[in-house]
Every structure is written in C-alpha cells, then in structure tokens.
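S.K.:
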C-alpha cells in the first residue's frame, strides 16, 4: 500500500517537472529574435529576399543617378551674371578679363615750335592731288599763291637780288644773328645794307635745296630750314618774310 503511494507521488513529481520544462521551452522560443521579427512584421536580413535592395544600396543608387553635368554651387558662384567676366572661386585670386581698350586714330597733337625752335618739318599734302590747303592753319587761304611766293624768294636769294627781295619782307623783320638776341631790321634800306649778314652761305644753301613738302607749318606761319626763315601773312593779307634766324636750334 505504501509502495503504491510512493509511486503515485513520483509520477506526479515527474509530471510536474515535465510541465515545467515544457513551459520554460515555450518562453524561450517566444523571446528569440526570429520570433520577435516575425511578430513585428519586419523581415530579418537573413529572411530578406535576394532581389530587394537594402537601404544602403538604395542610397548608393540615388547618388549614382544624380546628373554629372549639373553645375555645382561653386561653379555657379564662379560666374558673374552681370558682365560675363570669368572670376575664380573663393579662396583664389580673382581674374577678370580686361576689356579691350579703344584704339586711337592717330598720334597726339604736339605744340609746334616757334620761330626760335628747330623742330621736324611738316609735310604739306600736294594740293593738286588732294584738294587740301596745307597752309590754312598759317592763315594762307590760297596755297598756290604761297607756292609762287616761295619760288620767287628762292630765285631772288639764288641771284642775290637784294633790292627786289626787300619787297618780300615785312618790317620790322626779326633777325637773330648767330646766337645773339633779336636785332630787328626796321625797313628795306636797312635790309639791303645788312643783306650779306642776313643771308649767309648756309642759309642760301638751305633755301636752294628746300622743298615744299618739307616746309614746317603751324599757326605762327611757315618755316624753311627747321626754323631758319619764317613766312607769314601780314595785317593786309600779304605773304612776307617775317624772321631770319641763323641759329634756329639754339
């Protein structure tokens, strides 16, 4: 009788142990990662389909699909929309393309020398070819009239016809002898008396070889020999010899 009771208690104890083990196993299974993932509706990496891209792969694809030719912020900032000049990005020296400067049509005008200055003779244009009066700035309206006058002076000096040449002079005539100061010739009589002092060998030779195209012209008159002899128009409009300067470059 006692043996049967003992067996019954042993069977009950074994049953209780079995139930405890079963309950413990169910609890562990419910707490496993696979079970939690299944219950939450999120697939684990292992259960994810092989064809579905991961979040990292998707981000990489988005970056690769970004257009390569779209301008960056730095490239957009490097262009000046106002004038189109190319400017370097920040952090480097800016370089703006220089605008072409306008070209000048000729050499700047220079103050022409006066009776005491040598200067380089101007080159009047041929009136027959261009129809331009090269002596207009000197107050001479008729270029042919001056050219005839100049040819007469050359001929009279070449022939030493001082009496006739005296009629081509305006008095008082400025006369610079050598490097001396102005010693004006007051009238034709004084001119004839001083002719040999006025028209030296050098001045005669200069007049003989002087050409019209090498005469110097400015608002003060017309000069031969780089300022040795000056011609101009008097108050009555008569062309005359105004100055003889034996040292025009002094």
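Residue numbers (mature numbering (1 follows the signal peptide of the UniProt record, and there is no 0)): -23 to -1, 1 to 227. C-beta: ideal position from N, C-alpha, C; glycine also.
#1: Check each candidate in 167, 187, 173, -12 and name the one with the smallest Cα separation from residue 144.
#2: Buried or exposed: which applies to residue 220, given that a residue is buried once 16 or more other Cβ atoms fall within 10 Å of its Cβ?
#3: Grab me the residues of residue 160's own chain with a C-beta within less than 8 angstroms of its C-beta, minus the 5 sequence neighbours each way, in chain order.
#4: Quick one: does the C-beta of residue 166 sit closer than 7 angstroms to a heavy atom of the ligand NAD?
#5: Write down the C-beta distance between residue 134 and residue 176 rounded to the nearest angstrom, noting that I regard them as a contact closer than 8 angstroms.
#6: Please report the distance separating the alpha-carbon of residue 130 from that of residue 197.
#7: What does a CB cutoff of less than 7 angstroms around residue 169 pick up in its chain, not counting 5 residues either side in sequence?
#8: DSSP on residue 203, reduced to helix/strand/coil?
#9: Quick one: using the 10 Å Cβ neighbour count with 16 as the cut-off for buried, is residue -14 buried or exposed?
#10: Would you give the residue range spanned by the beta strand (DSSP E) that residue 153 belongs to?
#11: Between which two residues does the beta strand (DSSP E) holding residue 217 run?
#12: Below 6 angstroms CB to CB, which residues in the same chain sit around residue 165 once its five sequence neighbours on both sides are set aside?
#13: Whose CA, out of 191, 163, 180, lies closest to the CA of residue 205?
M.R.: A quick look at the data gives this:
#1: Counting from one through the chain shown, the residue named residue 144 turns up at place 167. Nearest option by C-alpha distance: 167.
#2: Within the chain shown, the letter at position 243 stands for residue 220. Buried.
#3: What you label residue 160 is simply residue 183 of the chain shown in a count that begins at 1. Excluding five sequence positions before and after residue 160, the CB atoms of its chain that fall closer than 8 angstroms to its own CB belong to 152, 153, 154, given in chain order.
#4: Absence of the ligand NAD is noted for the structure shown, with no ligands found whatsoever.
#5: Here residue 134 is taken as the residue at index 157 of the chain shown, counted from 1. Here residue 176 is taken as the residue at index 199 of the chain shown, counted from 1. The Cβ separation is near 6 angstroms, so the contact holds.
#6: The residue given as residue 130 occupies position 153 in the chain shown. The residue given as residue 197 occupies position 220 in the chain shown. Answer to the nearest angstrom: the Cα atoms are 19 angstroms apart.
#7: For this step, residue 169 is matched to residue 192 along the chain shown. Around residue 169: 139, 140, 143.
#8: Counting from one through the chain shown, the residue named residue 203 turns up at place 226. Residue state for residue 203 is assigned as coil, using DSSP reduced to three classes.
#9: Within the chain shown, numbered from 1, the residue matching residue -14 stands at position 10. By the Cβ neighbour-count rule, residue -14 is exposed, with fewer than 16 other Cβ atoms within 10 Å of its own.
#10: Residue mapping note: residue 153 aligns to position 176 of the chain shown, counting from 1. If you look at residue 153, you'll find it in the beta strand (DSSP E) that goes 146 to 153.
#11: Along the chain shown, one-based indexing puts residue 217 at 240. Run containing residue 217: 216 to 222, per the beta strand (DSSP E) assignment.
#12: As a position in the chain shown, residue 165 is number 188, starting the count at 1. Within the same chain, 143 come within 6 angstroms of residue 165 by CB-CB distance, once the 5 residues on both sides are set aside.
#13: The residue you call residue 205 lines up with position 228 of the chain shown. Of the listed residues, the one whose Cα sits closest to residue 205 is 180.
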